[in-house]
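The sequence shown begins at 154 in the numbering used here and counts up by one. Note that the Cβ used here is the ideal one computed from N, Cα and C, for glycine as well. From a predicted model like this one, the values you see are computed outputs, not experimental measurements. Notes follow once the structure below has been shown.
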Amino acid sequence: MRKADIVNIIAEKTGIPKVDVLVTLETLFKEVKSQLSSGENIYVRGFGSFITKKRAAKIGRNIKRNVAVHIPEHYIPAFKPSKEFMAEVKTNFTPS
Numbered sequence: 154m155r156k157a158d159i160v161n162i163i164a165e166k167t168g169i170p171k172v173d174v175l176v177t178l179e180t181l182f183k184e185v186k187s188q189l190s191s192g193e194n195i196y197v198r199g200f201g202s203f204i205t206k207k208r209a210a211k212i213g214r215n216i217k218r219n220v221a222v223h224i225p226e227h228y229i230p231a232f233k234p235s236k237e238f239m240a241e242v243k244t245n246f247t248p249s
């Protein structure tokens, strides 16, 4: 499923014009990125949490040159689904 598919589904179910749904969705994505970038986690009850995870510094390897490369400590975005969300997916999952 792509973003356009999500916009179409929401527009059909709510009767809101596709342009308004797209703007709302883009604003949501921008806000999630902004808040996570500033170190703020986002908790949506019944859906899940958008959080940042800390990755420790480590030594990687450049395979072409066979040289060790230092990878500094950094943060990555992550999503942790809620218990309700997990339960619904487990009970209603049908492979496509």
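Collapsing the DSSP output to three states places asparagine 161 in a helix.
The residue from Glu165, Lys183, Pro234, Ile229 with its alpha-carbon nearest to that of arginine 208 is Ile229. Here asparagine 215 carries a strand assignment [DSSP, helix/strand/coil].
Per DSSP, the continuous alpha helix (DSSP H) segment holding threonine 177 begins and ends at 171–190.
By the Cβ criterion, the region 215–230 is in contact with the region 188–206, since at least three pairs of Cβ atoms, one from each stretch, lie closer than 8 Å. For alanine 231, the pairing in a beta bridge is given by DSSP as Ile204.
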